[in-house]
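J.: Below is the structure I would like to discuss, written out as structure tokens.
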Amino acid sequence: MLFKNRSGYHFLLLSVVLSAIGLLFIYSASRYSAEINYGDPFFFVKKQAIAFAVGIIFFFLGRFLKPVWLKKAKWIILILSILLLALVYIPGLGMSSYGATRWISLGFVTFQPSEISKFGLMIFFAGYMSERPPVTIKNMIVPVLATIGVCALVITEPNMSITMVVGLSTLLLFYAAGLPKKIFFILLCIVIAGGVGLILIEPYRIKRLTAFLNPWENPKAEGYQLIQSFYAVGSGGLFGKGLFCSRQKLLFLPFAESDFIFSIIAEETGLIGSIAVMTVFLILIISGFRTALASENRFEMLLATGLTSVIGFQTLINLAVVTGCIPPTGVPLPFVSAGGSSLISFLFVAGILSGLPVVTKKELAS
């Protein structure tokens, strides 16, 4: 016998904690630049606060959304995901910034379709593969084509980081669906080779790779952002410089309130604060996978795995970038980085995870 995941409200608690941390450090990281550029030190945090309020509504929409509805709508969700990604290329609708066209502007609101589409693909994958056990080459064709379609649209924005998140999450989903290990490792090699190829075909990505290997070789150009992140993370020490006392946010570290917000967290709260934030993420990710393991059926298991994988891989890539473990690539830290569409989509997904039915240990024993 199953029960509705009442304890699933811990997803709300964890999401709110991370979002609150985001609001606090978005203000800290952006108040100086926002004052200079917009005449309002609360410019970014106001936008994030509105997104948080909307996101809480979406959390409860996700929580009380029946999984069977998502399964039935899988094709609609996939088509909408692809259409949203394609809309960024329509003149007057798509919006460019820093050489990338990743946003849709409706005049009164701007959002990033890839933040929605990556989860849409996971929902489609879970619905499609749950109906076709066991995993065979034939059954893999449609999910692989869907993944290629989404990744192709995302990488041409260009957005290498989200492409990596989608590719890795899909790969993990295939494994969870029962893909034989031999084929899994073949796919893994293909994904790695594809990633290397995407780096080699674009000169700016090669420059980023060079900057990653030796950022001090060109400290005022390609290596600049990574060096400034090193200064922030390294100068935080054990306990940090103190809340609101970051120096790197004073126009030294680009995108301090978004992709590199963890650098400011590390600078102001030190190793202790950084570990605390990472611990909250770890609890959230473990909770997502535990929900997958205790799911009622194959669809809900794959759904929880896919949604949690996106959160986990995106968090891992962001932390790896700001600490210099992988070449720089722009990706927001889930729930924390500035970005309304990102925050709303992650809160919605947390709501879906919160509402999935699970089997208790007591019920399993009986």
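Using my numbering, you'd call the opening residue of the sequence shown number 679 and step up by one each time.
Note that CB positions come from ideal geometry on N, CA and C, so glycine has one too.
Quick caveat, the model's predicted, so the values are computed rather than measured.
Less than 7 Å separating the Cβ of residue 785 from some heavy atom of the ligand ZN?
T.: The ligand content of the structure shown is nil, which means the ligand ZN is not present either.
J.: Please list the terminal residues of the continuous alpha helix (DSSP H) segment that includes residue 778.
T.: From DSSP, residue 778 is part of no alpha helix (DSSP H) but of the beta strand (DSSP E) over 778-783.
J.: Assuming residue 778 contacts residue 836 under a Cβ cut-off of 8 Å, what Cβ separation, rounded to an integer in Å, is found between them?
T.: Right, the Cβ-Cβ distance comes to about 6 Å (below 8 Å), so this counts as a contact.
J.: Near residue 781, which residues of its chain fall below 6 Å by C-beta distance, leaving aside the five closest residues on each side in sequence?
T.: These residues qualify, in order along the chain: 773, 788 and 790.
J.: Using only the alpha-carbon positions, how far apart do residue 1050 and residue 907 sit?
T.: Missing from the structure shown is residue 1050; the chain here goes from 679 to 1044 and no further.
J.: Count the other CB atoms within 10 Å of the CB of residue 700; is the residue buried (16 or more) or exposed (fewer)?
T.: Classification for residue 700: buried.
J.: If you reduce the DSSP assignment to three classes, tell me which class residue 789 lands in.
T.: Strand, per DSSP.
J.: Are residue 931 and residue 941 closer than 8 Å when you measure CB to CB?
T.: Yes, they are a contact pair.
J.: Once you ignore the five residues that flank residue 894 on each side, which residues in its own chain have a CB closer than 8 Å to its CB?
T.: 901 and 905, listed in sequence order.
J.: For residue 955, which residues from the same chain have a beta carbon less than 7 Å from its beta carbon, with the 5 sequence-adjacent residues on both sides left out?
T.: 699 and 943.
J.: Just to confirm, is the Cβ distance from residue 704 to residue 939 under 8 Å?
T.: It is a contact, given that the beta carbons lie within the stated cut-off.
J.: What runs of the beta strand (DSSP E), each 3 residues or longer, lie entirely inside the stretch 823-884?
T.: Counting only runs of 3 or more, we get nothing.
J.: Pull up the distance between the alpha-carbon of residue 1066 and that of residue 764, whole angstroms please.
T.: Examination of residue 1066 is not possible in this model, given that the chain is present from 679 through 1044 alone.
J.: Taking DSSP as the reference, what is the three-state secondary structure of residue 973?
T.: Reduced to three states, the DSSP call for residue 973 is strand.
J.: Distance, Cα to Cα, residue 878 vs residue 739?
T.: Rounded to whole angstroms, residue 878 to residue 739 spans 42 Å at the Cα level.
J.: DSSP on residue 987, reduced to helix/strand/coil?
T.: In the structure shown, residue 987 sits in a helix (DSSP, three-state: H, G or I).
J.: Are the CB atoms of residue 799 and residue 820 within a distance shorter than 8 Å?
T.: Not in contact: residue 820 and residue 799 (Cβ atoms no closer than 8 Å).
J.: Pull up the distance between the alpha-carbon of residue 997 and that of residue 818, whole angstroms please.
T.: Looking at the two C-alpha atoms, the distance is approximately 31 Å.
J.: Identify, in the order they occur along the chain, each residue of the same chain with its Cβ nearer than 8 Å to the Cβ of residue 683, setting aside the five sequence neighbours on each side.
T.: Caution applies to residue 683, whose pLDDT of 46 falls short of 50 and renders its modelled position unreliable; the value that the coordinates give is listed next. Around residue 683: 969, 1032, 1033, 1034, 1035 and 1036.
J.: Could you check the C-alpha separation between residue 961 and residue 758 for me, to the nearest Å?
T.: Distance between the alpha carbons of residue 961 and residue 758: 32 Å.
J.: Between the stretch 834-850 and the stretch 997-1013, can you find at least three pairs of beta-carbon atoms closer than 8 Å?
T.: With a cut-off of 8 Å, the stretch 834-850 and the stretch 997-1013 count as touching, because enough Cβ pairs lie within range.
J.: Return yes when the Cβ of residue 752 is within less than 8 Å of the Cβ of residue 805, no when it is not.
T.: Yes, the Cβ-Cβ distance between residue 805 and residue 752 is below 8 Å.
J.: Can you find the residues in the same chain that come closer than 6 Å, C-beta to C-beta, to residue 783, ignoring five residues on each side of it along the sequence?
T.: For residue 783, where only same-chain residues beyond five positions count, the Cβ hits under 6 Å are 773.
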